[in-house]
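Below: one structure, written as structure tokens.
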Amino acid sequence: MSKHPVDARGSLIAASFFGIGLMAAIDEIVFHQILAWHHFFDRSTQTVGLISDGLLHSAELLMLAAGFYLFVQLSSRRAVSRLHAWAGLFLGAGGFQLFDGIVDHKILRLHQVRYVDNLLLYDLAWNAFGALLLAIGFMIWRTARSSLASLQGGR
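Each residue of the sequence shown is one higher than the one before, counting from 6 in the numbering used here.
This is the structure we're talking about:
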């Protein structure tokens, strides 16, 4: 057994926070700022939309900072499970993307991907990308779990 046992669960959680923050940052930078397709909350004035983007940006920074902090703690104990961390990154990013696409776009109707006559292609692409990230994360997690089990003697 290794002198420094890995913390699979901690690695998964730390990287999930980072994945959520990373995908939120990509969404906010690309779709809110560069392309200007929408704001986080589009059902009011431009000012309210910009304030909502600022709040989203604050939340994404908190997620990135929390993930980074937890990852540094794991690293200092030499307890990072790289495969679990990669799984967490993809699961967090995909979870954010799918949550945004289903809950924010369709259920709460805070905003759409892009304001066009036919939203279907944008919605399908948005949600398919989130599902793809989740599937990749799940496959990596399964590999990580079996890898860890074989290292621990099949427990």
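Quick reminder that beta carbons are idealized off the backbone N, C-alpha and C, glycines included.
Values in this document were obtained by computation on a predicted structure and should not be read as measured data.
It is roughly 46 Å from the alpha-carbon of residue 115 to the alpha-carbon of residue 155.
For residue 72, the enclosing alpha helix (DSSP H) stretches over residues 51 to 81.
For a cut-off of 8 Å, the C-beta gap from residue 142 to residue 99 is around 6 Å, short enough to register as a contact.
If you draw a straight line from the Cα of residue 149 to the Cα of residue 135, it comes to about 21 Å. Taking 8 Å as the cut-off, the Cβ atoms of residue 101 and residue 25 count as close.
Looking from the CA of residue 61, the closest CA among 121, 132, 28 belongs to 28. Secondary structure of residue 35 (DSSP, three-state): helix. With respect to the 8 Å criterion, residue 84 and residue 9 are classified as neighbours on the basis of their beta carbons. With respect to the 8 Å criterion, residue 15 and residue 79 are classified as neighbours on the basis of their beta carbons.
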